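Heads up: take any position in the sequence shown, counting from 1, add 251, and you land on the numbering used here. All remarks here apply to the structure that follows.
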Amino acid sequence: MKVRVPCSLAALLLLTGCVAVQPVQPAPDREDVTGVAIGSRPVADGGDLVMALSAEPDKLDPTTSSSLYTRYVMNAVCEKLYDIDADGNLVPQLAAALPTISPDGLTVTIPVRTGPVFADGTPFDAAAVVTTLQRNLTLEGSSRKSELGPVADVTAPDPGMVVVTYKTPFSPLTAALADRAGMIMSPTALAAEGTDFGAHPVCVGPFKFVERVPQTSITVERDPLYYAADEVHLDTITYRIMTDANIRAANLRSGDVQVADSLSPQDVDALAQEKDVGLLQTGSFGYQAVTFNLGNTEGTGKPPGRIDTPLATDPRIREAFSLSVDRTALVNSVFNNWYEPACSFVPPDSTYSTEASEACPTYDPARAKQLLTEAGVELPYRFTMATSNTADSLRLAQALQASVVAGGFDLTIQPVEYSTLLDQQTSGDFEAVQLGWSGRVDPNGNSASFLSTGAGNNYSGYSSPEADDLVKAAARATDPAQRAELYGKLVTVVQRDNPIVYLYRQRSITGYTTQDPGVAGIETYADGVVRLSRAAFLAGGK
Numbered sequence: 252m253k254v255r256v257p258c259s260l261a262a263l264l265l266l267t268g269c270v271a272v273q274p275v276q277p278a279p280d281r282e283d284v285t286g287v288a289i290g291s292r293p294v295a296d297g298g299d300l301v302m303a304l305s306a307e308p309d310k311l312d313p314t315t316s317s318s319l320y321t322r323y324v325m326n327a328v329c330e331k332l333y334d335i336d337a338d339g340n341l342v343p344q345l346a347a348a349l350p351t352i353s354p355d356g357l358t359v360t361i362p363v364r365t366g367p368v369f370a371d372g373t374p375f376d377a378a379a380v381v382t383t384l385q386r387n388l389t390l391e392g393s394s395r396k397s398e399l400g401p402v403a404d405v406t407a408p409d410p411g412m413v414v415v416t417y418k419t420p421f422s423p424l425t426a427a428l429a430d431r432a433g434m435i436m437s438p439t440a441l442a443a444e445g446t447d448f449g450a451h452p453v454c455v456g457p458f459k460f461v462e463r464v465p466q467t468s469i470t471v472e473r474d475p476l477y478y479a480a481d482e483v484h485l486d487t488i489t490y491r492i493m494t495d496a497n498i499r500a501a502n503l504r505s506g507d508v509q510v511a512d513s514l515s516p517q518d519v520d521a522l523a524q525e526k527d528v529g530l531l532q533t534g535s536f537g538y539q540a541v542t543f544n545l546g547n548t549e550g551t552g553k554p555p556g557r558i559d560t561p562l563a564t565d566p567r568i569r570e571a572f573s574l575s576v577d578r579t580a581l582v583n584s585v586f587n588n589w590y591e592p593a594c595s596f597v598p599p600d601s602t603y604s605t606e607a608s609e610a611c612p613t614y615d616p617a618r619a620k621q622l623l624t625e626a627g628v629e630l631p632y633r634f635t636m637a638t639s640n641t642a643d644s645l646r647l648a649q650a651l652q653a654s655v656v657a658g659g660f661d662l663t664i665q666p667v668e669y670s671t672l673l674d675q676q677t678s679g680d681f682e683a684v685q686l687g688w689s690g691r692v693d694p695n696g697n698s699a700s701f702l703s704t705g706a707g708n709n710y711s712g713y714s715s716p717e718a719d720d721l722v723k724a725a726a727r728a729t730d731p732a733q734r735a736e737l738y739g740k741l742v743t744v745v746q747r748d749n750p751i752v753y754l755y756r757q758r759s760i761t762g763y764t765t766q767d768p769g770v771a772g773i774e775t776y777a778d779g780v781v782r783l784s785r786a787a788f789l790a791g792g793k
């Protein structure tokens, strides 16, 4: 069915008053381009690559960080036990092989490499892995604890083997260790820095941390101690903070930066025509959403409190909000058909996708108003939504503001600088917040930490025994079909309670220069991370 954007929405998007708009068409199928290979082309040894980074990362601490942009930097500095490849397969990185699991599912044995050293010269071994995992499990404020599941013990019976013992089986462990939970930190640096580790991170990686100039840049340099140093070409990478998408695009065109992340759909069609610009694009494991504060009164990781507002206490109001959002019209109009509507934490091409996890509330503003009337609140119902102060985020927020009017809402937008917004989200200083999650290959990584009572990323302060049980059951199950069914049931519960209202999935759009000499060896996968560890300037022209 063809859908027309409401006139009020068009006015906000175009800022020119009410105008007629074309019917919104379904987003076209787009082929993923996950990397630009070096291939047989000669490369220059050395060089200083500059990447335009669309937001300021939070602390460079794998245990506590929550920003996608931190992952960009840490991917060059801190290798993990496992990684994903371009097809989303789990592959060893600092681990020597995939884990072996005991028949009862309670013992996971991870062989680790012998020979690598941390950037400070400390030997990498199984004991160092245990130190990192124990920190992730015990450090106050850890965002990784819930990602690792119900761990009973972590030991290193010899330098090449780590054994994780569980209270109950936990299927998502390998996937968790393919992200921040699996980034292994130097035990020497941890002992010296403690909770200040993020100011001077030390890991095993192709690059090592040099300096950070707040709100300006982060610089890393090639680590000569890296075990595969002969595969690393660049001397340094400078991540330059450029929050304005127009400025990122302009710097990419001029060649002042060689790579730029999160290009705006408003710019990408024009950039695709530029002779000196190449584009990578891929779908996402993650989502963008509106999170409502139901009980986050003391900060994440703490027991939920009580917030005495209709928005927090009455699920009918949050359901009404979900019904007021025309996701297809909203996303296609704001983002030029580049993104896709989403209604759950399970991506549609996941092994664990089912009809239940793909179910999407119908746009129904009349029913939304009816629910608000049943809840006994005054119409329009007013609340405030915090959002990032970037142009695309504000464009979306304004479109949401217009869209939900028909459902009986009066939405106030609160623009906030991105790193401050992360702090507000963690502390619970919001009624509603529009932010997203870059996504993980296993749905547990997109759900458990956000929906389990007291979990490290449960920004909503949501607490549901039914949801808790489903999260645990899905993690215990080993059969993919059974896990998929359980995640479908969890989606149904979440869409009933609506602590999070899912809106859309981005495509990760990364630009790179082909201007002589050009760069290659850049990759970006569905986990949202731009990988530069094997990037290089081409030698002798394009």
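Every residue gets a Cβ at the ideal spot worked out from N, C-alpha and C, and that includes glycine. Since the structure is predicted, the reported quantities are computational estimates derived from the model, not experimental observations.
Nearest candidate by alpha-carbon position, reference residue i, set the options
i: A496; options: S644, D600, T551; result: S644
i: G679; options: L662, M412, P555; result: P555
i: L531; options: V781, D280, R504; result: V781
i: G772; options: V284, D486, A288, D283; result: A288
i: A607; options: A653, P452, C594, R557; result: C594
i: A637; options: S573, A728, T542, S714; result: T542
i: A348; options: K553, D520, V413; result: V413
i: P566; options: Q746, H451, I488; result: Q746
i: R364; options: G339, I435, S316; result: I435
i: L341; options: Y478, T425, L686; result: T425
i: A718; options: A699, S711, Y710; result: A699
i: V585; options: L622, G537, T671, Q517; result: Q517
Inter-residue Cα distance where the pair is residue i and residue j
i: P420; j: L721; result: 14 Å
i: V272; j: L741; result: Residue confidence for V272 is low, a pLDDT of 30 falling below 50, so the modelled location carries little weight and cannot support an answer.
i: D299; j: Y669; result: 27 Å
i: R386; j: A378; result: 12 Å
i: P716; j: P750; result: 14 Å
i: T321; j: T764; result: 23 Å
i: T677; j: L647; result: 22 Å
i: G217; j: Y738; result: Coverage of the chain is limited to positions 252 through 793, which leaves residue 217 absent and any answer about it impossible.
i: Y776; j: R431; result: 16 Å
i: S714; j: A563; result: 12 Å
i: P367; j: G690; result: 29 Å
i: T416; j: D355; result: 11 Å
i: L304; j: S513; result: 8 Å
i: V324; j: A728; result: 34 Å
i: I335; j: P561; result: 42 Å
i: A617; j: G658; result: 6 Å
i: A193; j: T383; result: The question about residue 193 has no answer, for the chain in this structure spans 252 to 793.
i: Y614; j: N583; result: 15 Å
i: D447; j: V402; result: 25 Å
Endpoints, the beta strand (DSSP E) within which residue i is located
i: E682; result: Careful: E682 lies outside any beta strand (DSSP E) and carries neither H nor E.
i: Q524; result: Per DSSP, Q524 belongs to no beta strand (DSSP E) and is neither H nor E.
i: V381; result: Run containing V381: none in the beta strand (DSSP E); it sits in the alpha helix (DSSP H), 377–389.
i: Y490; result: 487–492
i: S468; result: 468–473
i: E462; result: 458–464
i: A540; result: 538–543
i: L345; result: Segment: none, L345 is in no beta strand (DSSP E) and carries neither H nor E.
Reduced DSSP category for residue i - H, G, I as helix; E, B as strand; rest coil
i: L265; result: Confidence at L265 is low in this model, with a pLDDT of 35, below 50, so the placement of that residue is unreliable and no value is reported for it.
i: L441; result: helix
i: V402; result: strand
i: L231; result: In the structure as shown, the chain starts at 252 and stops at 793, and residue 231 therefore has no counterpart that could be examined.
i: I498; result: helix
i: V655; result: helix
i: D518; result: helix
i: Y669; result: helix
i: V597; result: coil
i: K310; result: coil
i: E629; result: coil
i: I558; result: coil
i: K396; result: helix
i: E282; result: coil
Extent of the continuous alpha helix (DSSP H) run through residue i
i: E625; result: 616–626
i: V328; result: 319–328
i: F701; result: 695–702
i: L424; result: 424–427
i: A580; result: 578–586
i: F421; result: It is not in any alpha helix (DSSP H) - F421 carries neither H nor E in the DSSP assignment.
i: I568; result: 566–574
i: A480; result: No alpha helix (DSSP H) holds A480; DSSP gives it neither H nor E.
i: A607; result: 606–609
Any non-hydrogen atom of the ligand MG closer than 6 Å to residue i Cβ
i: Q665; result: Annotation note on the ligand MG: not contained in the displayed structure, which lists no ligands.
Handout entry: Within the stretch 708–790, ranges of the alpha helix (DSSP H) (whole runs, at least 4 residues)
Key = Within the stretch 708–790, the complete alpha helix (DSSP H) runs of at least 4 residues are 716–727, 731–748.
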